[in-house]
Structures are given as structure tokens and as C-alpha cells.
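As C-alpha cells, the structure follows; a few thoughts come after it.
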Amino acid sequence: MKKYNPKKIEKKWQKNWQEKKIHKTNSNKKGKKGNFYLLDMFPYPSGEGFHMGHLESYTISDVFYRYKKMQGFNVLHPQGLDSFGLPAENYAIKTGTHPKKTTQKNSKNFLRQWTEIGSGHDLENILITSNPEYYKWTQWLFGEFFKNNLTQRKKEKTNWCPSCKTIISNEQVESGKCERCKSEILQKEIFSWFFKITDFSDALIKDLEKVDWPEHTKKNQTNWIGKKEGAEIEFSVIEKDFVDINNDGGKDSYKKGVKEVERDNVVVIVEHPKEDKFLCLKWKKVDWQGFVTGGIEDGQTAKQTAEQEVIEETGYQNPEVVKVYNNFSHGKFFHVGKKVNRFAHYQIVHVKLKNLKRKERNEEEKEIADFFWTDKKKVESFLKREDMKYPWRVFNNKNFLKEKIKTFTTRADTLYGVTYLVLAPENNFIKNIWDRIEKKKEVEKYQEKTFKKTEKQRLENKEKTGVKIEGVFAENPATKEKIPIFISDYVLGGYGTGSVMAVPAHDQRDFDFAKKFNLEIKNVVSKNNKEKEIKEDVFQGEGILKNSEEFSGMDSEKAREKIIKKFGKKKNTYRLRDWSVSRQRYWGTPIPIVYSPKGEPKFVGEKNLPWLLPEDVDFKPDGTAPLEKSKELKKRTEKIFGKGWKPETETMDTFVDSAWYFLRHPDSKNKKEFCSEKMKKFWIPKGVDLYIGGAEHTYMHLLYARFFVKALKKIGHLNFSEPFLKLRHQGFVCDESGKKMSKSKGNVVNPDDVIKKFGADAARVYMMFAAPVEDDVIWKEESVVGAYRFLEKVWKIGEYLEKKSSKEVEKNLHKLIKKVSSQIEDLKYNTAISDMMKFINVLEKEKEISKKDFSSFLKLLHPFAPHVCEELYNEKIEKKNILLTPWPKYDEKKTEEENFFLVVQVLGKKRAGIEISKSKNQKEIESICLKNPEVKKWIEGKKIKKIIYVPEKILNIVV
RNA sequence: GCCCAGGUGGUGGAAUUGGUAGACACGCAAGACUUAAAAUCUUGUCACUUCGGUGGUGCGGGUUCGAUUCCCGCCCUGGGCACCA
């Protein structure tokens, strides 16, 4: 017999398969056992061609394909090229070669390599995402999303290079500078297109229950979406207090060492005689506003004082008391200019003017205060106030801002410990209250500094920085305390509400900030009741509440629930953001949108698809978006839509192309639909049956594909909600020291060289044997020979062919068929191969195998080593493609043994092994074991306490 | 810091409803064949050992007749996320 020569036979059969089109997809008739959709993650056709990872990944799926097909399934095992993307464009910028040409050239190479590794794809029918026939449907789907409100054009912060006048990606920013022109990068908000993936946040988590995916992949997806259950708590904002009791010596301040005087006062609400409005005073010297007030002299009633004060202070002559509110409220007032601290009690008196008869005030009186009328709302809000510190300033238009600050928290139980708020510098609240902010320059400066930073830089510096917003205070809704508001870059604009209720006693970041800015730290949770407080410690755990009024003494969980109920509302927040799909790049799917002269976006319409990527574009970067420079695109737009209409000049993120390709494969030639209902039903009734690809796509690609399916289901184009029913990852291929192969490390092995040296079959067998499918494979050339030797041994078996197999061989073969079948089904390829090697080892001793049994063995091995098995099958068995023959069956009876091997233990230690007939019962077995001389040695002179028998496995004697 | 995966001979790995640890393969060693080498074949290959055994699956405990497998507490490696409230 000739020597095993992989080079010769592999070429020969690859040609045969191609000519016979044995891998051609059959979309007409279901298989005996049904249909199966098996999919590989399709590659980007890079200039380097395959790397070892491709070889591994395609082999994994090919083994499954051949196995399923022989089992009687009609298998869809398609292939494609994810051919839009940056490398081709960058290559174009460098060399001037059009990306189209580069892509065509690389694609050819990929097709050659698929053939040479023996991968069974329908290669005459591959999808290429950069072909207009494909991207027509990417655009059509964009249109569907657009029509169904699943797209959004909105502003988002991006890296902006002021000299190139373009957005660049995070990867293109080198330590805050543009990699091309080295100018400082700014954070700038610009409009771009988004897909509303966040509409599906909950479904994207929940539906993971439905699919058979690796657990870690599911967890990663869940973490990426990052759902957090918590609460939203609103903080009212009030104007700044001018009086600072801690500040000794100021004009308005509390004076230490000066006596305090208590006094009763009135606050008079003066109502207009006809209209529903109220009088407000405006003191000129101190820039305060408020009601008429006055001290109650001894012997006077509040009513009398009120009437008197109105006449004196306002000049109106006919006040009539409507109501006197009974309760005196407390407040502190530190008298201006006098050497006394006045602690005042206020009583509110409602007065209505009979008419507007008024005594003209003299110049001196006019200098003191002005009047104006204000509406009822302000009076009402004043009456509701509990802390009437400064009643004359309630009317101040700086007070009680409409805007409230929303905060998100997972620890509502710490609300009583909130001693300040922090907003992200980009929080819109700041813009909304801009007029009221003092020291605007400082705020502006800080914002600018933050926006200059990229996200990365912002995270690098962990030292807390920030600026206090002077002019406003927030009110802690629980304690009613006035708390300061800061902006700081440790709070992120895009997460939660972009603002944080700071609890320095129970959050490390808040603690650090509080330390730096000397803010109050208020302990409200302790580990348990007994433990003494250590001031400097930040206790971030849950525990027992204290200093929290009625919630003190509750555990965190219970208190959280109650506090949310009283002061806020339950709310979830997600880490997931909407998917930004706009790219200012050339080599991608053009966004099929045009703008009316008014600037309104409009979908170009189905009849104008494919909305072709213009060719008259100089893609060398000069600052403007590449498509912006196409005259053809502008002309096209105006010709179809009219004068003044403008095309969108952005292209789509290439992840969009790959987010739906699996829906195109079943009907890739269809010119009317992205996939007909018939083909959906035929090939993809519930989703892709098995999807194989790298774990590096755990996040983006899988998430996007899942979003597409959910969105299309919502619109009504699909009736299933998860794209990939079963998913398996393959590991990486590493060099001998276990490092990932990469161009930059210079440790890559070229699959072409490997195939030249060992042949595709040996390479495939080694890859599948070296490690479990999901683990990394270490490429060790000296180990590949093991796989080669194995195939050589198989090759030689032709010499042993007899009429009948020996009993031993027959028994082993039937066991092998049973085992290998289930192992392939479970993708446990490494043990499947080792079992086949064991079988060959048995055969080498026996040298007696029938033609029929050898045929069965070849079928088992064929998925792993298709060429050599095809050759042997055709030489030794029959002239027929082995792939088209049925998978071997086994006889259950022939796999059964008469005897079993029993391990006998004494005290859990193996002492003997005995061959025992299956016909024996437990008692018989026990007596055999106890008589065994090896066992006797260990139990002699000892009392037998217990005998544990595990049927056909172990017998343990306890003494 | 958090999340995920993992840690078994010289190497890749096998074995888990708890039941012979190291299958299979690489490498290595010895032998056969050969003038010789390669290839091939045979035998051996966890460590220690007084050849009776003993220890051994990252470390330390625990449960059990019996633990690589289950529980508790650590250590290390790889990957991901991260000032995420």
C-alpha cells in the first residue's frame, strides 16, 4: 500500500467535493431528522488571511456539520465575510488602493483557505456585507427602525479634535491628544444616530433564561447591561442663606459673646383688595425680599401689631385682619448693625386691604424699601414651610427653585446621612439655574477642565476635585437640613441621574471628597447596636440604622424600603447606553437618511435602496467626513428629493452589519425581502440552532444581534426573540509558552504552513484533541506529530481487513460508536479523539477487523479528518462520498460486558481489584471479597463494622 | 475593588448525582531493527520507599466509610469591568 500522503489526497478530494457541490445548501426538502442551522461567526477578511484561531473555530463547526448531516439532518452551514471596516480604509489611506479592491483580494484568499482546511461550507453562496445586495437590507432594516421609533438622533459627548474638525474614537486619542495632529482633544456634544437598545434592557436580561449559552457569557451580558435596583430621591433646591452663623464678624452674622434676646414677632401677609395677589417688600440696602414684619410690643396683640406695621411700613391705610395663625414658629435672626443676637418667634397674620388708599412715603422711607405684588403660590409655599428662619426672604425670587435635583441611590437607607449633593459637571441642572449661581467663573473653569479630559483621563486621577455651587443649597428631605451642592468629575453624567446624594460616612468616594472639602460626616448605619463608633472609618456595609428618627434601629433592608416609600420612589438604572451607530468613516454602510431643507430627517425609501456608497470620494482625511465630499451623493439626493435636500454623510458602525447577517443566510439571494416567510419558517423557526465563535464577542456582537431580533420581533418581522438558541465558544490558540498569538508579539503561526507540513487532517485532529473546545489550544509543533501518527495508523488498517472482526474489536467498536456519538453531540471532541485512538491501539494488537466495521470507524473519524477518511472509504469500502452515507449505528447488546471490575477497599483504601460476573448478587460478592487473600490481610483480627457496596464499582469494608 | 473562568505528572489534558487520580497524547529513558541515523515497534515513566507500603489534584480546615469532586477560610494565574452612586 502507498504511504499516507495528505498533500495528494487532500487536494484531490477538495476538488471532488467542489465539483460535486456536496456542501450546497438544500432549501427545498427537510432532512429525515429535520433541519439544523449551524453557524460560525463570520470573519473580517484581513490581509493576513486565516490565523490559527480561524482554523480551530471552523473545524469545530465543521465536525458538527458533518456529524449532523450524516445523522440525517438537512444542515444550513453558511459562511460570509464581515467586510466593511477600518483596516481596509486605513490601508486605502496609506496606499490609495480602494477598499473595494482590497476586500475583493482578501476575500479570494479566505475562500481558498476555507477550501484547504476541508471546511464544508456552501462557498458559492457566501454573504459579503459590503456588497450592495447585502447592505441594501441593512439599510432597509435601518429604515424599519426609523419608522418604528427605534432610532434616535441625539446629542452625545464625543472626542473632538478642533484642528481636524472631526470626531475620533477613544482608541485614537493618545494621552489627551489627537494621534494624527497632536492637538488637544475636547469633549464635545454632537448629534449622531442611536439605536434604542435600552428599550429592551429588561428583556435582554430576562430572555437569557431561554437560551443554552455558557453561564459566564450570560453573566457577562447581564453585567454589561448592569441593572441596578434602587431609588430616585428628589432634593429641593433653595437659595443660599446669607447668614452664616459660623462666620463671626460679618455684617449679617451671629456675633459671639453678645447676648441673645428672645422676642415675639409678626409676619404679615397683605392681600390686595380686589385681586388674588399679595404684597411683597424689597429692602434696598440688604437686597432682601419678604413680608411685612414687626416685633410685638408688650401689651399689644399680634393683630394690633400687624395692622400698625402695615400702615407704617407700606403706607396703605385700610388693613383688615382676616386670620391670625396661632402657632409661633421659631427662627433665628441676627440683627444687622446692633450688638444683639435676636432669637425670634413668629406669628403669621393674614391681612386684607379694604382699598388701595395710601399715604405717600417720604424720600427716606423710599430709600428703605420698594413694593411689588406677588402671586398666591408663594404665600402658600411659605405657609407650608416648617423652618421659618427668615420669613422676610421667602418671597425672594431666588428661593424655592422649580428645579429639583434627582439622585439615584441603591442605599436609600443612608438618606439621613446625606450631607451634600454632587452633580456631574455636565449635569443640565447647572445650566438651568445658571442665573442664580455665584462665582460662575470657577464653575465654568472646572467644567471646561473636565470636558477637555477624555473619559479615560477622567478616571485616571482618583484624587477628588470639585467646585462648590455658591448661591444655592439643597434640602435633605429627611432631616430638612440645608446641604451644599458641588460639581465634581467623580460623578458621571451618563450614569443614573448624573447626580449623587453623598453619604460620606458610608461611601468611600463621598468620604474622600468630604475629607478634602471639610464637609460634615454623619454616621447613620452601624454594623450592630453595640459597636462603638470609630470616626474615621467608612462603613459601607449594611447594618442597623441610627440617627435616623423613626427609622433608627431598623436593619438596612427594611429601612431602605420604608425610606423609599416616604421620601422617594423605586427606580432601576442601567449601565447599558443606547447604541451609537454613526461613524464619520467611508468604508461602511451609508445611513439611508436625507434631510429636508428645514433639516428634518427622512428615510430615503425602499425604492431608492440600495442607497449606494458613493465612489467619487477621496478618503484621505482632511477634516471633513468622507461622504461629505461626494458630489455624486449630493446630486443624487437633490435629483430624487428636490433642491435643498441634503444626504446624511455618516456611515454605520460595522457591528450593525453583523447584527443581523444570520437572518440573511437562509435566503441570501432574495431580492424582495431580507428573508422570505417561507425561508424563515424552513431554516430559522426559533433561532440559530448552534452558534460557534470566540468569547471575545461576549458583549458587543451578541448583545447587538439580540437587540436586532427583539426589535424585529416588536415590529413584526420575526416571531422569535432570541437569535442563538445554543452558543459555544472556542478558546484561543497560544504559542508554546501559553501566550496568545498576535502580530505584535511576533509569535503567529500561519495555517498555510501548518497544512503544508502536516496536512489539514492532522492539523484538525490535533486542534480538536489538544484541549476541550472552549479552552485555549497550545500550538506545539512537536505534539502535532501525535495526530499525524494516529492518522498513519488508521491508514495502515487497510492491511488488516478480514472477513470478520475479532470479538474484542467488535465489542470495542460498538462501545466506540455509542461514546463518540454522544461526545460529538456534547462538543467533547478531545475525548472523542482519545477514545478513537484507544480503539486503534486495540486494533493494532488484534489486527482483525471486518470491512463493515472499518467502514463504521471511518465514519466516526470522518468529521475530524474528512480527507483521509474519504480516501480510505473510497479505496476500501465503496465509491461514494462518505459525507453522504449514514452515521453508524451500534448494537446495545454488543456493548455490554459479562463481567465487571470491582474495586475492594478497606477503610476507603484500595486493597484489591476483582473481576466479577454480573450474575452474582450482593451477598455472593461480599463473600468473594472477604475471602480474597489481598483483602484478608487487612481485615484479619478486626471486627467488620459495615460493608458499603456501590453496584459494579466499589466495595468498601469498614473495620 | 467588583465580576467571571481556572489551578491535577516534565507538557497538553482525562476522571465529578462523591467511588481505582493521572486515561489518551507529547516528551523523556531503555530495548528491538539498522553499518549508522531517521522512521517504526516493544517496555517503562507522579514522588518517596526498608518493595510491605506511604504521601499526593494551589494552601489550611471541615463533612464522609470514602473528597480532584461538597462546605468554610485563604493564596495564585488568566480574562473582563471599574470613581457605576
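In short: position in the first sequence from 1, add 193, done, that's my numbering.
Beta carbons are placed, not taken as given, at the ideal position from N, Cα and C, and that holds for glycine.
Here DSSP, grouped into helix, strand and coil, assigns G761 to strand. Using a C-beta cut-off of 8 Å, the segment 932 to 939 makes no contact with the segment 223 to 237, since fewer than three inter-stretch Cβ pairs fall below that distance.
With the rule of 3 Cβ pairs closer than 8 Å, the segment 758 to 774 does not count as touching the segment 290 to 301.
A Cβ-Cβ distance of about 6 Å is found for the pair I310 and L248, placing them in contact under the 8 Å criterion.
Taking the Cβ atoms as the reference, L549 lies roughly 12 Å from E464, outside the contact range of under 8 Å. Using a C-beta cut-off of 8 Å, the segment 871 to 891 makes contact with the segment 248 to 262, since at least three inter-stretch Cβ pairs fall below that distance. In the DSSP assignment, the residues bridged to W772 are F388. For W876, the enclosing alpha helix (DSSP H) begins and ends at E870 to W876. Rounded to whole angstroms, E825 and P803 show a C-alpha spacing of 15 Å. In the three-state DSSP reduction, A964 falls in the coil class, being neither helix nor strand. Between K301 and Y993, the alpha-carbon positions lie close to 43 Å from each other. Judged by DSSP secondary structure, H922 falls within the beta strand (DSSP E) whose first and last residues are L920 to Q923.
One Cα belongs to W1131, the other to E1091, and the distance between them is close to 29 Å.
In chain order, V731 and Q733 place their CB closer than 7 Å to the CB of Q701, counting only its own chain and leaving out the 5 sequence neighbours on each side.
Beta-bridge annotation (DSSP): H543 is paired with I462 and K516. In this model, Y1022 and Y1083 are separated by some 19 Å (Cα to Cα). According to the DSSP assignment, I948 belongs to the alpha helix (DSSP H) that extends over P944 to F951. DSSP places A955 in the helix class (H, G or I) of the three-state scheme.
K1008 places its beta carbon less than 8 Å from that of T1088.
In the same chain as A1025, and ignoring 5 residues on each side of it, the C-beta atoms closer than 7 Å to its own belong to V1013, Q1016 and I1017, in chain order.
Between the segment 680 to 700 and the segment 615 to 628 there are three or more inter-stretch CB-CB distances shorter than 8 Å, so the stretches are counted as touching. Contact between W330 and R857 holds, with the beta-carbon distance rounding to 6 Å and staying under 8 Å. The C-alpha of N625 is placed about 20 Å away from the C-alpha of K675. Contact between the segment 792 to 801 and the segment 847 to 856 is absent: fewer than 3 CB-CB pairs across the two stretches fall below 8 Å. Around the beta carbon of S1049, 16 or more other beta carbons sit within 10 angstroms, so the residue counts as buried. Between the alpha carbons of E1127 and L1051 lies a distance of about 44 Å.
Sixteen is the threshold: since fewer than 16 other Cβ atoms of the shown chains lie within 10 Å of the Cβ of V1143, the residue is exposed. When secondary structure is reduced to three states using DSSP, Q1115 falls in the helix class.
Selection K1139, G952, N740 and Y959 evaluated against G979 yields Y959 as nearest (Cα-Cα).
DSSP places V665 outside any alpha helix (DSSP H); the residue lies instead in the beta strand (DSSP E), whose first and last residues are V660 to E668. Along the segment 600 to 650, the beta strand (DSSP E) occurs as fully enclosed runs of 3 or more residues at 613 to 616, listed in sequence order. The criterion of a C-beta distance shorter than 8 Å is satisfied by E735 and E750.
The segment 239 to 307 is shown to contain whole alpha helix (DSSP H) runs of 4 or more residues at 245 to 264 and 279 to 288, in chain order.
When the five nearest sequence neighbours on each side are left out, the beta carbons in the same chain lying within less than 7 Å of the beta carbon of E382 are those of K348, E349 and K350, in order along the chain. Assignment of alpha helix (DSSP H) within the segment 1029 to 1066, counting only whole runs of 4 or more residues, yields 1044 to 1054 and 1059 to 1065 in chain order. Between the segment 597 to 606 and the segment 623 to 637, the count of Cβ pairs shorter than 8 Å is below three; the stretches do not touch.
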